[in-house]
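Chains as they are written, first to last, in the numbering used here: chain A, 1464 to 1819; chain B, 1464 to 1819. Note that CB positions come from ideal geometry on N, CA and C, so glycine has one too. Here the structure is a predicted model, which is why all the values come from computation and not from measurement.
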DNA sequence: CCCGGGAACTGAAAGCTTTCAAGTGAGATC
DNA sequence: GATCTCACTTGAAAGCTTTCAGTTCCCGGG
């Protein structure tokens, strides 16, 4: 592979001129410019990204740290980011943390000396990442946190309106006449899980319904978690007539548990998930869900990172994306007609206790 | 961030010695070694991957080129590769081609000057990649093709035994008594699609069944393709009693089409997919499928690439992974009892013609 | 006691680009 | 015609590491 020196010789100009032509960093008269361009064409020369990065203290690399690409929510995020990066001449380095903070830190450390222009992080947990990412900032890398935020995060971010999404879903269920609503949430040290529960509670409160802690079950953001917690919920008295699952995998697990208990969804129990993954369309019944666009999440994050590289000192941005309630087959009014009573001040005192 | 020179000064040794300590490239006496290590610890020094790569003509980067991470088959492959890479201190750069050869070439070109140690490619189509990858080989990068192979590929590869997988699935259907079998294949310029059809045909031939071209429909490897082609197949006379879909997304589309035509799966039509994606477990009925491990595919590929880097001139390797037939709810004997007749020489002449 | 040999260590070059200060030259101005 | 300006162009340094050819030092053998 040719290098710049050879191009310079071939075109009969200096190294500096070649660089200027290639980067447009200074006016170069047309004939010279053409000679350089010709030499590049003839030799198929491509500048070494390594030497370039070394000199400029920055590479055309965007690093992305996510929990696990196997979780069907994340491929969309990655694809969104990659598309934006690719369009601007950047490459994407992908790292999986398995929600393990230690692994996250390892990635953060190892990536640093590749001098990526930007770093997009879906934090593994609530750990304060400020210290870790500070060195990136100092090195001139943009850092964007997405989906959920670490403690004390004061940098750029892209998230969705989790509170609203959960509120709308829950309100919809209440509107159908449900009074005994349960929620299965992901780990509450994650801000997105917190916010979804917050939206759930807010909807209950606004409808004057009591919030019983037993009806809010915390677990992992996966099918197994949804399955296990649903089994527990279905044993409670009164049995909830609707479940709001904080993501679709939990909802999927819930559906399996409901089926296994010989209950029907939606006739006996309504179910709404969160995320709007493809799989919600192919279950029976099709799952209702609070849709969000993972692609957009990733794309906005990449864009934000690249903007930050260009404009280092512009004010911090917090982008919040919308959600959309997608009602499909998994919801219906509750089984007992009495529940169709008017919404106003439906306040009853009931204990929600797991059966022995 | 400290650099090597500062470490050298701090430890009171030369640059070369620091390098030798860090890389173990030469014996360094213990006291010196310790002084260097201490200096590294104190300063938190990390060697610049860029300078290192520039000098060694090789970075600790593994590049991976896949069609589309949104296709649920690929996250597993990526994860497998990333895990192996991470464990050995390599990072993974991810590129999506959308099966577009032009984009593939762009990625190939752009990646080159990052000097990745290895390149793992799922080819976008049948295009001969030899020319493109030759420059990587010359630059000392390992190139591994996986899942399907480009024309004339003579380098390392990891694939699965597509012929066997398809043969087993088809034979299973025949064993249930099916005589009118159809296949919906992915694009036949892809070697994996070709091989699956080959396995399908081989099973028919072995059972003495006629192979009618109309019963083999070619389409894209996605839900829409499966849906459309199933609609066509269901109009044929005799209507096939079993469909072998060359991947799970096609099978999923087929299932939707079957349902839409008010036919029952498996009572009216049996269905087997290929890949064994998670989604096959959550459909109704659960889809039978020829399972393969995408994770293993990616992991083996990464391992092979790294082995090749270490042992440049060892003989070319072609790893072929196994498949496993996973029978779930989507298969049953054909509706008419007569079909349960013995297998031997069931040769009837019938024309398979699309209905007008 | 001297010398050879080997292990340990050093110094400098090489790898390729960007960038900045400095140099060149042509055209404009007076 | 001399001088100034401005636009181009150039040369060299800097960025950080690896590697190779030497150099130093120590030990054992003669």
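Point to revise | First through last residue of the alpha helix (DSSP H) which encompasses residue 1596(B) | key: As a position in the second chain, residue 1596(B) is number 133, starting the count at 1. First-last of the alpha helix (DSSP H) with residue 1596(B): 1593 to 1601.
Check your understanding: Should the segment 1515 to 1522 of chain A be called in touch with the segment 1489 to 1499 of chain A, which here means at least 3 C-beta pairs below 8 angstroms?
Key -> Touching, no, given that fewer than three Cβ pairs across the two stretches are closer than 8 angstroms.
Check your understanding: Would you call residue 1779(A) buried or exposed, if buried means 16 or more other Cβ atoms sit within 10 Å of its Cβ?
Key -> Your numbering for residue 1779(A) matches position 316 in the first chain. Taking all protein chains in view, the Cβ of residue 1779(A) is surrounded by fewer than 16 other Cβ atoms within 10 Å, so the residue is classified as exposed.
Check your understanding: What is the DSSP secondary structure of residue 1674(A), counted as helix, strand or coil?
Key -> Taking the first chain and counting its residues from 1, one reaches residue 1674(A) at position 211. Residue state, collapsed to three classes: coil.
Exercise for review: Using only alpha-carbon positions, find the residue among 1497(A), 1645(A), 1717(A), 1533(A) that is nearest to residue 1743(A).
Suggested key: Taking the first chain and counting its residues from 1, one reaches residue 1743(A) at position 280. When each option's Cα is compared against that of residue 1743(A), the closest is 1717(A).
Check your understanding: Out of 1631(B), 1604(B), 1609(B), 1563(B), which has the shortest C-alpha to C-alpha gap to residue 1585(B)?
Key -> Counting from one through the second chain, the residue named residue 1585(B) turns up at place 122. It is 1609(B).
Review point. Taking the continuous alpha helix (DSSP H) assigned at residue 1711(B), which residues delimit it?
Key: Residue numbering aside, residue 1711(B) sits at position 248 when the second chain is read from its first letter. Where residue 1711(B) is concerned, the enclosing alpha helix (DSSP H) starts and stops at 1711 to 1723.
Exercise for review: Leaving out five residues on either side along the sequence, give the residues of the same chain with a beta carbon under 6 angstroms from the beta carbon of residue 1465(A).
Suggested key: To locate residue 1465(A), count along the first chain from 1; it is residue 2. Taken in chain order, the residues that qualify are 1506, 1508.
Point to revise | CB contact check: residue 1760(B) to chain A, cutoff 8 angstroms | key: Numbered from its first residue, the second chain carries residue 1760(B) at position 297. Proximity of residue 1760(B) to chain A, defined by a Cβ-Cβ separation below 8 angstroms, is not satisfied.
Point to revise | Contact under 8 angstroms by Cβ, residue 1631(A) with residue 1788(A) | key: Start at 1 with the first residue of the first chain, and residue 1631(A) comes out as number 168. Start at 1 with the first residue of the first chain, and residue 1788(A) comes out as number 325. Contact check for residue 1631(A) against residue 1788(A) passes: the beta carbons are separated by less than 8 angstroms.
**Study point:** Identity of the residue in 1698(A), 1745(A), 1504(A) nearest residue 1725(A) by Cα
**Key:** The residue given as residue 1725(A) occupies position 262 in the first chain. Residue 1725(A) has its Cα closest to that of 1698(A), out of 1698(A), 1745(A), 1504(A).
Check your understanding: So residue 1529(B) and residue 1572(B) are in contact, right, with Cβ under 8 angstroms, and what is the actual spacing, rounded?
Key -> Against the second chain, residue 1529(B) aligns to sequence position 66. Against the second chain, residue 1572(B) aligns to sequence position 109. No, residue 1529(B) and residue 1572(B) are not in contact; Cβ-Cβ is about 17 angstroms, not under 8 angstroms.
**Study point:** Euclidean distance between Cα positions of residue 1809(B) and residue 1673(B)
**Key:** Walking along the second chain from the start, residue 1809(B) turns up at place 346. Walking along the second chain from the start, residue 1673(B) turns up at place 210. Low confidence applies to residue 1809(B): its pLDDT is 38, below 50, so where it sits in the model is not reliable, and the reading given next is rough at best. In a straight line, the C-alpha of residue 1809(B) is about 9 angstroms away from that of residue 1673(B).
Practice item. Could you give the DSSP three-state label for residue 1569(A): helix, strand or coil? Key: As a position in the first chain, residue 1569(A) is number 106, starting the count at 1. Three-state DSSP puts residue 1569(A) in a helix.
Exercise for review: Along the alpha helix (DSSP H) that carries residue 1482(B), what are the first and last residues, could you check?
Suggested key: As a first step, residue 1482(B) is located in the second chain; it is residue number 19 there, counting from the start. Segment 1478 to 1486, the alpha helix (DSSP H) holding residue 1482(B).
Practice item. Starting from residue 1742(B), find everything on chain A with Cβ-Cβ shorter than 7 angstroms and list it in chain order. Key: Counted from its first residue, the second chain places residue 1742(B) at position 279. Going along chain A in sequence order, the residues near residue 1742(B) (Cβ under 7 angstroms) are 1742, 1745.
Review point. Does residue 1752(B) have its Cβ less than 8 angstroms from a Cβ in chain A?
Key: Taking the second chain and counting its residues from 1, one reaches residue 1752(B) at position 289. So, not an interface residue.
Point to revise | Buried or exposed by the 16-neighbour rule on C-beta atoms within 10 Å, applied to residue 1819(B) | key: For this step, residue 1819(B) is matched to residue 356 along the second chain. Because residue 1819(B) sits at a pLDDT of 39, beneath the cut-off of 50, its placement in the model cannot be relied upon, and the point is left open.
Review point. For the ligand NAD, is there a heavy atom less than 7 angstroms away from the beta-carbon of residue 1709(B)?
Key: No copy of the ligand NAD occurs in the structure displayed, which carries no ligand at all.
Review point. Is residue 1614(A) closer than 8 angstroms to residue 1590(A) when the C-beta atoms are compared?
Key: One-based indexing of the first chain puts residue 1590(A) at position 127. One-based indexing of the first chain puts residue 1614(A) at position 151. Between residue 1590(A) and residue 1614(A), the gap from beta carbon to beta carbon is short of 8 angstroms.
Point to revise | Range covered by the beta strand (DSSP E) that runs through residue 1754(B) | key: Taking the second chain and counting its residues from 1, one reaches residue 1754(B) at position 291. Its beta strand (DSSP E) spans residues 1751 to 1754.
Exercise for review: For my contact list, residue 1539(A) and residue 1533(B) are in at a C-beta cut-off of 8 angstroms; report their separation, rounded to the angstrom.
Suggested key: By one-based count along the first chain, residue 1539(A) stands at place 76. By one-based count along the second chain, residue 1533(B) stands at place 70. Confirmed, about 6 angstroms.
Review point. So residue 1692(B) packs on residue 1682(B), CB below 8 angstroms; how close in whole Å?
Key: Translated into the one-based positions of the second chain, residue 1692(B) becomes position 229. Translated into the one-based positions of the second chain, residue 1682(B) becomes position 219. For residue 1692(B) against residue 1682(B), the beta-carbon gap comes to about 5 angstroms, under 8 angstroms, which counts as contact.
Practice item. List the endpoints of the continuous beta strand (DSSP E) containing residue 1737(A). Key: In the first chain, the residue the question calls residue 1737(A) occupies position 274. Unbroken beta strand (DSSP E) run through residue 1737(A): 1733 to 1738.
Exercise for review: Mind checking the segment 1574 to 1589 of chain B against chain A and listing, in chain order, the residues whose C-beta falls within less than 8 angstroms of any C-beta there?
Suggested key: Here the close residues are 1574, 1575, 1576, 1577, 1578.
Review point. Using the C-alpha atoms, what's the distance from residue 1582(B) back to residue 1763(B)?
Key: Translated into the one-based positions of the second chain, residue 1763(B) becomes position 300. Translated into the one-based positions of the second chain, residue 1582(B) becomes position 119. The alpha-carbon of residue 1763(B) is positioned some 13 angstroms away from that of residue 1582(B).
Check your understanding: So, residue 1556(A) versus residue 1555(B), is the Cβ gap smaller than 8 angstroms?
Key -> In the first chain, residue 1556(A) corresponds to position 93, counting from 1. In the second chain, residue 1555(B) corresponds to position 92, counting from 1. Taking 8 angstroms as the Cβ cut-off, residue 1556(A) and residue 1555(B) qualify as a contacting pair.
Practice item. Let me know the alpha helix (DSSP H) ranges lying completely inside the segment 1618 to 1689 of chain B, each 4 residues or longer, listed in chain order. Key: 1625 to 1638, 1654 to 1669, all fully within the segment 1618 to 1689 of chain B.
Exercise for review: Return the residue from the list 1791(A), 1514(A), 1535(A), 1629(A) that minimises the CA-CA distance to residue 1666(A).
Suggested key: Residue 1666(A) sits at position 203 when you count from the first residue of the first chain. Out of 1791(A), 1514(A), 1535(A), 1629(A), 1629(A) has the C-alpha closest to the C-alpha of residue 1666(A).
Practice item. May I have the straight-line CA-CA distance separating residue 1811(A) from residue 1679(A), to the nearest angstrom? Key: Position 348 of the first chain, counted from the first residue, corresponds to residue 1811(A). Position 216 of the first chain, counted from the first residue, corresponds to residue 1679(A). With a pLDDT of 40 at residue 1811(A), under the threshold of 50, the predicted position of this residue should be treated as unreliable, though the coordinate-derived value follows. If you take the alpha carbons of residue 1811(A) and residue 1679(A), they lie about 18 angstroms apart.
Review point. If you drop the 5 nearest sequence neighbours on each side, which residues of the same chain put their C-beta closer than 7 angstroms to that of residue 1687(B)?
Key: As a working note, residue 1687(B) is residue 224 in the second chain. Contacts found: 1716.
Practice item. Look up residue 1470(A) in the DSSP assignment and say whether it is helix, strand or coil. Key: By 1-based counting over the first chain, the position of residue 1470(A) is 7. Secondary structure of residue 1470(A) (DSSP, three-state): helix.
Practice item. Consider the Cβ of residue 1711(B): report whether some Cβ of chain A lies at a distance smaller than 8 angstroms. Key: What you label residue 1711(B) is simply residue 248 of the second chain in a count that begins at 1. Not closer than 8 angstroms to any Cβ of chain A, the Cβ of residue 1711(B) fails to qualify, so no.
Exercise for review: Please decide whether residue 1511(A) counts as near chain B, where near means a Cβ-Cβ distance under 8 angstroms.
Suggested key: As a first step, residue 1511(A) must be located in the first chain, where it is residue number 48. Chain B contact via Cβ: present.
Check your understanding: Which of the residues in the segment 1552 to 1571 of chain A, read from start to end, lie with their CB under 9 angstroms from any CB of chain B?
Key -> Within the segment 1552 to 1571 of chain A, the residues whose Cβ lies closer than 9 angstroms to some Cβ of chain B are 1552, 1554, 1555, 1556, 1557, 1558, 1559, 1566, 1569, 1570, listed in chain order.
Review point. Which whole-angstrom value describes the C-beta separation of residue 1592(B) and residue 1795(B), a residue pair presumed to lie in contact below a C-beta threshold of 8 angstroms?
Key: Residue numbering aside, residue 1592(B) sits at position 129 when the second chain is read from its first letter. Residue numbering aside, residue 1795(B) sits at position 332 when the second chain is read from its first letter. Separation of the CB atoms of residue 1592(B) and residue 1795(B) is rounded to 43 angstroms, and the pair is thereby denied contact status at 8 angstroms.
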